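A.B. asks:
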Amino acid sequence: MPNFSVTPEMLAKSVLSVPPLARKADYTLDREGNRQILAHLAQGGVTTALYGGNANLYNISVREFAEMVDMLKEIAPSGTWLIPSVGPDYGKSLDQIAILKDHDLPTAMVLPLNFPVTSAGVATGLRRIADAYGRPIIAYVKSLDYISAADLAAVVTDGAICTIKYAVVRQNPKEDIYLSELVQKVDRKIIISGIGERPAISHLMDFGLQGFTSGSVCVAPAMSTGILKALKAGNVAEAERLRAFFMGLEDLRDGVSPLRVLHEAVATAGIADTGPILPFLENITDAKVLSAITAASQKLLAADRAYQSGQVEKQVERA
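Structure (structure tokens):
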């Protein structure tokens, strides 16, 4: 059991990275590739790694889940906060939570299930998963028909949830009835924006959320951290300036596949060889799309290195 609890201050300390999971050609876990990704994040100031959708944990076996947790604990840089995800179905969640009880990780996130679910059923499941774990968990809201704001708030009141990852995509993130209701029912300090840099400014400044998760942070950790620091300081102009660097890669992720594009982006940027994506998904093979990903990921990485060296203004002029 960890000797600490998840607090709002811990959530605000770092961007919550959501990395891909590197694999070898035979689909086995790539220890070195995953070590390189975590080292790149830590070098850029990111100390939290939330393994979930981008790691394709929807399709991981329970046996390999145990291997993954052991591997990540062994290779993570000192001070990195690891959070694995379980599920998305109830039965798999319980099997994986039983494995996590033997590890001193702070919490786990439950992946959202699209079908078959009811709001009351999800609420009951989250309570029982947290009870089996013996500590509060992270709830992940990705669609409006997963769990109602009222039911989610009741689970929080029961002490089963330490954090809510909110990731419902809106055309205008400022207009969000569900999130508006949720922040009235739940302490907004335990809610994090879960859709990367694009809506992060609105979610933190307009709704008062505590932090944000990011996939593209795996390419540009220092600049993503800069966005979080700027928002915490109330410097929206600086956050918007830095966010502009991410939009090329984020547009590709939104247009093709957030998970699959990030998997290739980390590799084409030269950060780590991520290898094949576990079935039922597949790697991107379209040459034009891969070329666009390569250009966007390398440009973002170059900007991040310039930012770390204090030369980002020159990058802005050339962007």
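Mapping of the sequence shown onto the numbering used here: residues 2 to 320, in sequence order. Beta carbons: idealized from backbone N, C-alpha and C, even for Gly. Here the structure is a predicted model, which means the values were calculated and not measured.
1) Measure the Cβ-Cβ separation of E176 and E251 and say whether it is below 8 Å.
2) With C-beta atoms as the reference, is I38 less than 8 Å away from A23?
3) Ignore the nearest five residues each way along the sequence and tell me which others in G249's own chain have a CB closer than 6 Å to its CB.
4) Within 10 Å of its beta-carbon, does V170 have 16 or more other beta-carbons around it, so buried, or fewer, so exposed?
5) Thinking Y141 and L106 are a contact (beta carbons under 8 Å), I'd like their distance in whole angstroms, please.
6) Please name the residue or residues paired with I38 in a DSSP beta bridge.
7) Could you name the residues of the same chain whose beta carbon sits closer than 7 Å to that of E239, not counting the 5 residues immediately before and after it, in chain order?
8) For the segment 269-278 and the segment 181-197, state whether three or more C-beta atom pairs, one from each stretch, are separated by less than 8 Å.
9) For K14, which residues in the same chain have their Cβ closer than 6 Å to its Cβ, ignoring the five residues on either side in sequence?
10) How would you label Q97, buried or exposed, when you count the other beta carbons within 10 angstroms and need 16 or more for buried?
11) Tell me where the alpha helix (DSSP H) around L153 begins and ends.
12) Do the segment 293-311 and the segment 71-89 make contact, defined as three or more Cβ pairs closer than 8 Å?
13) Mind checking whether A131 and A150 have CB atoms under 8 Å apart?
C.D. replies: Inspection of the coordinates gives the following:
1) Cβ atoms of E176 and E251: not closer than 8 Å.
2) Cβ distance < 8 Å, so I38 and A23 count as in contact.
3) Within the same chain, G249 has close Cβ partners A297.
4) Sixteen is the threshold: since fewer than 16 other Cβ atoms of the shown chains lie within 10 Å of the Cβ of V170, the residue is exposed.
5) For a cut-off of 8 Å, the C-beta gap from Y141 to L106 is around 17 Å, too long to register as a contact.
6) Answer is none; I38 lacks a bridge partner.
7) A231.
8) At 8 Å Cβ cutoff, the stretches do not touch.
9) Within its own chain, no residue has a Cβ closer than 6 Å to the Cβ of K14 once the five positions on either side in sequence are excluded.
10) Under this definition Q97 is a buried residue.
11) Residues 150-158.
12) Contact between the segment 293-311 and the segment 71-89 is absent: fewer than three C-beta pairs spanning the two stretches fall below 8 Å.
13) No, the Cβ-Cβ distance between A131 and A150 is not below 8 Å.
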